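For the sequence shown, counting from 1, position 81 maps to 87 in our numbering; every step adds exactly one.
The structure appears below as structure tokens.
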Amino acid sequence: APEKEPLLTSRAVLEAVQALDIDATREFYFQLAGTTDVEARVESAVRLGDARARSADGEKALAVLRGLLSDEDHRVRAEAAVSLFILDDSAAVKYISVLLDSADRWERMYALRALLRVKDPGRLAPFRSSLEKCLADPELDSYLKKEWATRMEKIGK
7 APEKEPLLTS RAVLEAVQAL DIDATREFYF QLAGTTDVEA RVESAVRLGD ARARSADGEK
67 ALAVLRGLLS DEDHRVRAEA AVSLFILDDS AAVKYISVLL DSADRWERMY ALRALLRVKD
127 PGRLAPFRSS LEKCLADPEL DSYLKKEWAT RMEKIGK
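Now the structure itself:
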């Protein structure tokens with residue numbers, strides 16, 4: 007019997023699309039935001055944050071990202087909030103603060119992970135005290151502790 011060809015995984019498709027020009031794939035990411043696949047929604051939240059500066063659909067990207075703030079998945083909410091912050095959306099600071107101050111350690115962890123996408127550590131000054139509390143958590147994974155240790159030195163007071 008002939009061997010069956012392996013099916014493409016959603017991760018493989020997302021990685022292939024990632025390599026394409028964002029202007030050519032923007033509509034794809036708008037569509038991904040509404041899918042049932044959590045990984046696809048996470049990818050949409052991240053990529054729509056990267057695309058807005060060059061996008062004619064900037065307001066649509068903001069609207070989609072705001073909608074993802076109410077997603078059922080912690081990762082989607084965190085990535086959407088950070089994308090909005092990267093895009094200078096005024097509501098993002100308050101929403102990220104809520105995530106960092108959450109009693110849910112997963113919300114805090116995913117917010118910390120998503121905030122690593124912010125290139126300029128100086129922009130993270132509004133979160134300094136919340137970040138310090140998160141980093142004091144003895145259960146926080148060592149990767150995040152290490153990544154944030156050097157970043158905290160670069161964040162203003």
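Don't be surprised by glycine CBs; every beta carbon is placed ideally from N, CA and C.
Predicted model only: the values in this text are computed from it and were never measured.
Which term fits residue i, buried or exposed, when burial requires 16 or more other beta carbons within 10 angstroms of its beta carbon?
i: Gly-55; result: buried
i: Ala-142; result: exposed
i: Ala-59; result: Here Ala-59 scores only 49 on pLDDT, less than 50, and its place in the model should not be relied on; the value that follows carries that caveat. By the neighbour-count rule (16 or more Cβ atoms within 10 Å), Ala-59 is not buried but exposed.
i: Trp-112; result: exposed
With distances taken Cα to Cα, identify the nearest neighbour of residue i among the options.
i: Ala-51; options: Arg-123, Val-99, Asp-110, Ala-109; result: Arg-123
i: Gly-64; options: Ala-46, Ile-92, Ala-84; result: Ile-92
i: Ala-109; options: Glu-49, Cys-140, Lys-66; result: Cys-140
i: His-80; options: Val-48, Arg-53, Gly-73; result: Val-48
i: Ala-84; options: Leu-121, Arg-53, Asp-126, Lys-125; result: Leu-121
i: Val-82; options: Val-99, Trp-154, Asp-94, Ala-46; result: Ala-46
At the level of alpha carbons, what is the spacing between residue i and residue j?
i: Arg-119; j: Lys-160; result: 17 Å
i: Ala-86; j: Phe-36; result: 13 Å
i: Gly-162; j: Ala-131; result: 5 Å
i: Arg-129; j: Leu-90; result: 13 Å
i: Tyr-116; j: Leu-68; result: 20 Å
i: Ala-39; j: Glu-33; result: 10 Å
i: Glu-78; j: Thr-156; result: 32 Å
i: Leu-74; j: Leu-146; result: 25 Å
i: Ser-96; j: Pro-144; result: 32 Å
i: Asp-164; j: Asp-43; result: The first residue shown for the chain is 7 and the last is 163, placing residue 164 beyond what the model contains.
i: Lys-152; j: Arg-114; result: 16 Å
i: Ser-76; j: Met-158; result: 29 Å
i: Ser-148; j: Arg-53; result: 27 Å
Quiz item: Contact between the segment 103-123 and the segment 136-153: three or more CB pairs below 8 Å?
Solution: yes
Quiz item: In the segment 42-71, which residue ranges form an unbroken alpha helix (DSSP H) of at least 4 residues, counting only runs that do not cross its ends?
Solution: 44-57
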